[in-house]
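Protein chains in written order, with our numbering: chain A, 39 to 492; chain B, 39 to 492. No residue lacks a Cβ here, since even glycine has one placed at the ideal position from N, Cα and C. Taking it in order: structure first as structure tokens, then the write-up.
Structure follows, in structure tokens:
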């Protein structure tokens with residue numbers, strides 16, 4: 039078997055590339071950090087891409103952290119790939135649960151521990167060095183556009199207007215994103231379905247101040263009790279959501295997809311035990327866990343507050359109670375329609391003496407991506423080549439709102455090439471990425487672009 | 039009509055008595071103030087009672103602020119009255135809502151503005167000067183024991199052990215308390231029923247940490263949703279409590295009491311408007327407000343908390359949610375039995391995947407006092423004499439836990455002689471007491487002891 043030149047190049051540059059990644063990981067870019075660090079991070083990425091041979095620039099907007107855009111032109115006939123990644127990270131707190139400092143990357147046991155190691159600085163860097171390995175050896179073979187943003191972790195609030203404004207500049211034949219993890223430690227995967235989400239706040243108000251529960255008990259309607267009932271009424275005893283029309287438009291998974299899911303092992307006991315639970319008892323009764331997580335919508339109270347629930351008893355009827363409801367939506371569900379039905383539901387379930395208000399905080403549709411496109415197939419082949427195992431086509435219970443924005447504004451289905459393990463502590467203390475995973479990810483990236491070039 | 043000598047004495051000493059009350063009001067005795075101020079206040083009261091002719095002393099205990107005890111012996115055949123009052127006050131905050139300083143009494147518009155003016159330094163002082171007026175003119179005619187405590191506003195946590203320890207010393211034929219207000223500004227009243235109360239906390243727990251509502255949505259059971267359902271299920275659509283046996287032991291009001299309530303005007307629109315409401319829609323449907331407040335038990339969520347309900351959306355399934363439930367109980371209801379039923383209810387309504395815990399924080403039975411005892415009748419006659427109007431026999435939706443402790447430990451029914459108006463801002467900024475109310479209260483006290491002596 040002939041030497042794979044890009045892989046040989048990667049192997050020869052392991053140490054210097056690791057040192058470079060550490061530089062990137064040292065720049066603090068969570069929402070709690072300073073704007074100048076975001077600028078510094080964007081400049082670092084631009085400079086690296088320029089050094090690699092790209093035409094790279096920083097695009098600024100009034101509201102968002104800087105976007106890094108870079109372009110490498112191979113030929114007018116080669117396919118054009120858009121690579122998306124994000125350089126912002128989750129806030130590192132609680133800091134005292136980190137074994138070593140979040141912004142001081144350390145290697146232990148072959149793994150890089152740092153905030154952003156797996157989400158998403160490590161994976162985007164894997165693409166950069168994979169591309170460099172091609173450029174320094176056999177050539178890239180595709181036209182490549184790179185877009186790195188700095189506010190994915192807060193829901194990419196400005197990506198839609200950015201994509202709309204720069205649609206021509208960003209035009210591509212396909213989109214590749216490495217911002218997901220393997221389905222299991224030994225099972226590479228490509229996500230082809232993400233749930234949508236909706237976050238709403240419900241506020242119930244009663245008297246214009248907290249009142250004495252004795253002096254006014256039996257007289258003043260209680261907004262905390264009213265809110266509890268509204269939330270309780272939103273689901274029935276079997277865990278089904280009772281909001282009018284909630285399930286009407288759902289597009290069920292295809293036969294093919296269902297068949298592929300049957301191949302995926304879902305270890306309920308192990309995953310539940312990781313959270314101190316004896317099993318998973320959320321969602322709709324009588325439905326298997328994978329379906330509940332991938333193909334069923336959910337309705338969760340993510341926060342509730344009202345009156346005095348701290349230490350001690352304050353004998354009041356509170357003036358106000360509020361709750362955050364987050365839903366995960368599945369293909370076919372229309373957030374606008376569901377929000378309208380939810381507003382009606384809350385209005386219908388608000389008792390006399392209470393006023394209620396519903397505010398939409400966030401919404402995004404579920405996304406489904408094809409498995410049979412040449413780009414998805416190239417991704418699968420690249421994964422098999424790098425990791426030695428065919429990837430599973432999986433869905434994901436979570437949402438990556440940008441994917442749906444790319445579909446809607448640019449008509450691009452992402453190829454979600456996973457880099458990372460499911461236990462990488464993404465969004466948690468002690469985030470990590472295995473160094474082998476980093477380099478195999480780089481090999482996968484190189485293979486992906488090479489396959490597309492052929 | 040012959041001159042009423044005690045009243046003439048009171049009239050002749052108005053100014054010096056007002057100055058003395060101001061001294062008492064200047065001593066800060068809320069839970070946020072210093073122990074030495076409590077001592078100073080107790081000493082002030084003891085000294086005043088000694089000057090009046092009492093044998094007075096300060097009784098200290100390891101845990102409670104000092105108790106003031108005083109005794110005046112008239113004869114072995116005269117009835118013995120125990121007068122209870124409290125010299126502690128509510129914390130004065132929010133300070134910036136006071137027109138003048140809470141501990142710097144000021145007269146405006148014929149009213150004394152100060153923390154404690156109405157609750158309870160003013161009323162207990164009215165008794166002192168009423169007693170003095172008798173002693174200085176026609177004689178007291180009864181044996182009088184006085185007990186003033188300093189922790190009524192925090193629920194008198196040590197009164198039961200104190201009464202038990204000093205049962206012999208405090209033994210009396212009747213108990214008089216002036217720690218309630220007129221039912222309406224022009225309607226003197228005697229409270230003959232107070233609701234009991236129970237404060238419990240319910241904690242629901244799910245996974246051992248907050249988890250992502252996408253990654254785990256449909257899998258992990260949500261303790262906030264579970265708690266909302268438990269609370270919602272505690273009442274039905276008509277506002278009735280569904281806890282097993284909750285209403286079983288209730289002793290309904292007597293025909294006589296119901297007849298007297300029919301005479302009491304309850305201005306729902308006005309009282310509701312004071313709280314920014316168009317009416318009172320709490321409690322059980324189809325029951326009139328006075329019954330809902332006086333003779334019906336209630337179940338209110340006084341506080342609820344779980345997950346993240348602050349600004350912004352955190353898309354989680356929280357690990358934990360908790361709520362404080364306060365109930366007001368009516369005669370016949372047994373807090374022990376109800377707490378046991380509540381524990382069972384919560385256990386029965388806790389879904390799989392959630393654990394729940396119920397903790398009892400506070401409990402007290404409802405109290406009913408006779409209207410036909412000679413002491414209650416003497417109180418009514420004294421009120422009519424001083425205020426020119428027969429008092430209404432009223433209940434109160436709130437609880438004054440000490441009354442039930444006096445009943446239980448000393449077998450004494452209190453005669454609750456109201457001094458003060460319903461809008462005296464008790465527990466609120468700008469607490470006040472009308473100076474006329476103070477002196478009429480003193481006349482009432484004098485008349486009460488005089489009638490008992492006859």
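In the displayed model, residue 431 of chain B falls within a strand according to three-state DSSP.
Taking 4 residues as the minimum length, the alpha helix (DSSP H) runs contained wholly in the region 249-337 of chain B are 261-271, 293-300, 306-311, 327-332, in order along the chain. Taken in chain order, the whole beta strand (DSSP E) runs of length 3 or more contained in the region 139-184 of chain A are 144-146, 149-151. If the five residues before and after residue 292 of chain B are omitted, its C-beta is found closer than 8 Å to no C-beta atom of its own chain. Per DSSP, the continuous alpha helix (DSSP H) segment holding residue 477 of chain B begins and ends at 473-491. Unbroken beta strand (DSSP E) stretches of 3 residues or longer found wholly inside the region 402-463 of chain B: 430-434, 452-455, given in chain order. For the pair residue 127 of chain A and residue 157 of chain A, the CB atoms are nearer than the 9 Å cut-off.
Residue 105 of chain A is bridged by DSSP to A:97.
In the same chain as residue 273 of chain A, and ignoring 5 residues on each side of it, the C-beta atoms closer than 8 Å to its own belong to 279, 280, 337, in chain order.
For the set B:459, B:492, B:307, B:230, the Cα lying nearest the Cα of residue 404 of chain B is the one of B:230.
At least one C-beta of chain A is nearer than 9 Å to the C-beta of residue 250 of chain B.
Chain order gives the chain A residues near residue 356 of chain B as 338, 339, 340, 341, 342, where near means a beta carbon separation below 9 Å. The beta carbons of residue 313 of chain A and residue 246 of chain B sit about 6 Å from each other, so the pair counts as a contact at 8 Å.
Under the three-state reduction of DSSP output, residue 352 of chain A falls in the coil class, being neither helix nor strand. Against chain A, a Cβ distance below 7 Å from residue 353 of chain B picks out 235, 237, 340, 364.
According to DSSP, residue pairing for residue 242 of chain B in a beta bridge involves B:359, B:394.
Taking residue 123 of chain A as reference, the option from A:83, A:180, A:269, A:417 with the minimal CA-CA separation is A:83.
By the rule that beta-carbons nearer than 9 Å mark a contact, residue 437 of chain B touches chain A. Of all C-beta pairs linking the region 219-235 of chain B to the region 363-370 of chain B, three or more are shorter than 8 Å, placing the two stretches in contact. What residue 318 of chain B touches in chain A, judged by beta-carbon distance under 9 Å, is 254, 256, 257, 258, 259, 391, going in chain order. When CB distances to chain A are screened at a threshold of 9 Å, the residues of the region 381-412 of chain B falling below it are 389, 390, 391, 392, 399, 400, in chain order. Using a Cβ-Cβ cut-off of 9 Å, residue 273 of chain B is close to 263, 267 of chain A, given in chain order. For residue 229 of chain A, the uninterrupted beta strand (DSSP E) segment begins and ends at 227-232. Here residue 375 of chain A carries a helix assignment [DSSP, helix/strand/coil]. Shown here, residue 47 of chain A sits in a helix according to DSSP, grouped into three states. From the listed residues B:72, B:420, B:397, the smallest Cα separation to residue 379 of chain B is found for B:397. Judged by DSSP secondary structure, residue 122 of chain B falls within the beta strand (DSSP E) whose first and last residues are 118-124. Counting only the Cα atoms, residue 453 of chain B lies some 7 Å from residue 413 of chain B. DSSP links residue 214 of chain B through a beta bridge to B:121, B:453. By the neighbour-count definition (other C-beta atoms within 10 Å, threshold 16), residue 451 of chain B is a buried residue. Residues of chain A whose Cβ lies closer than 9 Å to the Cβ of residue 327 of chain B are, in chain order, 256, 257. Residue pairing for residue 79 of chain A: DSSP places it in no beta bridge.
As computed with DSSP, residue 110 of chain B is found in a beta bridge with B:182. Taking 9 Å as the cut-off, the beta carbon of residue 364 of chain B is found no closer than this to the beta carbon of residue 324 of chain B.
Residues of the same chain with a CB within less than 6 Å of the CB of residue 168 of chain A, apart from the 5 flanking positions on each side, are 480, 483, 484 in chain order.
Around the C-beta of residue 491 of chain A, 16 or more other C-beta atoms lie within 10 Å, and the residue is accordingly described as buried.
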